[in-house]
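Trainee: Read in order, the letters of the sequence shown are residues 285 to 435 in our numbering.
Don't be surprised by glycine CBs; every beta carbon is placed ideally from N, CA and C.
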Amino acid sequence: MNVQKVKKLIPLISIGIFAGALIYSIIQLGFNEKRDRRVFYFNSYDKSSRIMEVRYLAKNPVQGKICCYIDDVLLGPLTNRSRRIFPRGTSVEFCLQKGRDLHVGLSRDALKYSEELKDLSGNIALFKYNIVKNFTNLDKIYIYIDGHEIP
Numbered sequence: 285m286n287v288q289k290v291k292k293l294i295p296l297i298s299i300g301i302f303a304g305a306l307i308y309s310i311i312q313l314g315f316n317e318k319r320d321r322r323v324f325y326f327n328s329y330d331k332s333s334r335i336m337e338v339r340y341l342a343k344n345p346v347q348g349k350i351c352c353y354i355d356d357v358l359l360g361p362l363t364n365r366s367r368r369i370f371p372r373g374t375s376v377e378f379c380l381q382k383g384r385d386l387h388v389g390l391s392r393d394a395l396k397y398s399e400e401l402k403d404l405s406g407n408i409a410l411f412k413y414n415i416v417k418n419f420t421n422l423d424k425i426y427i428y429i430d431g432h433e434i435p
């Protein structure tokens, strides 16, 4: 091949690679499952401040958006130096929305004592704060642990 033909092919190859990448990106965008952006707040080990995490959850989860979010909150933080809200093993026993009220039942594991989770009332307030910040259509949140309502 002579040098002139090679110089003419380089821009054509570059345009072809760009067009291929563009088409691939558009196809991936159309077929990917849509996700909801949710914000999570956890207390910091180092300071008396809150650390914010952003996660993307399924747009239409089987258990509902609020219950899916609560399940993710109970999994704990993904970032280092952040505290869990409830001890490991805490699970959702029920999650019911009646109008603008939300009733959330947590397992008995939420009462387990640990040095990092010694402020139960503060943790419940942070749990409610997480829910209210992500679901503004709620007026009141009722929390139950082991079947007993927590004020």
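#1: According to DSSP, what are the bridge partners of Val-378?
#2: Suppose you measure from the CA of Asp-393 to the CA of Gly-360; what does that come to, to the nearest Å?
#3: Within this structure, are the beta carbons of Arg-384 and Asp-423 separated by less than 8 Å?
#4: For the candidate residues Tyr-397, Ser-391, Ile-350 and Gly-389, whose alpha-carbon lies nearest to that of Lys-417?
#5: Tell me the residue span of the alpha helix (DSSP H) that contains Leu-422.
#6: Provide the residue(s) that pair with Glu-433 in DSSP beta bridges, ordered along the chain.
#7: How far does the beta strand (DSSP E) with Asp-355 in it extend, from its first residue to its last?
#8: With a Cβ-Cβ cutoff of 8 Å, do Tyr-353 and Leu-341 count as a contact?
#9: List the DSSP bridge partners of Asp-330.
#10: Quick check: what's the CA-CA separation for Gln-381 versus Phe-324?
#11: Between the Cα of Gly-373 and those of Leu-386, Arg-367 and Leu-395, spot the shortest distance and give me the residue it belongs to.
#12: What does a CB cutoff of less than 8 Å around Asp-330 pick up in its chain, not counting 5 residues either side in sequence?
#13: I think Ile-369 touches Phe-419, with their Cβ atoms under 8 Å apart; what is that distance to the nearest whole Å?
#14: Could you please give the first and the last residue of the uninterrupted alpha helix (DSSP H) stretch that includes Val-287?
Mentor: Inspection of the coordinates gives the following:
#1: The identity of residue 378 in the sequence shown is Phe, whereas the question assumes Val. According to DSSP, which records beta bridges pairwise, Phe-378 is partnered with Gly-389.
#2: Between Asp-393 and Gly-360, the C-alpha separation is close to 14 Å.
#3: A contact, by the Cβ cut-off of 8 Å.
#4: Nearest option by C-alpha distance: Ile-350.
#5: Unbroken run through Leu-422: none, as it is neither H nor E.
#6: BP columns for Glu-433 point to Tyr-428.
#7: Element bounds for Asp-355: not the beta strand (DSSP E) but the alpha helix (DSSP H), 349–359.
#8: Their beta carbons are under 8 Å apart, which means Tyr-353 touches Leu-341 by this criterion.
#9: The partner list for Asp-330 (beta bridge, DSSP) is empty, contrary to what the question assumes.
#10: Between the C-alpha atoms of Gln-381 and Phe-324 there is a straight-line separation of about 20 Å.
#11: Taking Gly-373 as reference, the option from Leu-386, Arg-367 and Leu-395 with the minimal CA-CA separation is Leu-395.
#12: The answer, listed in chain order, is Arg-365.
#13: Going by Cβ atoms, the distance from Ile-369 to Phe-419 rounds to 16 Å, so no, they are not a contact pair.
#14: Per DSSP, Val-287 belongs to the alpha helix (DSSP H) from 287–315.
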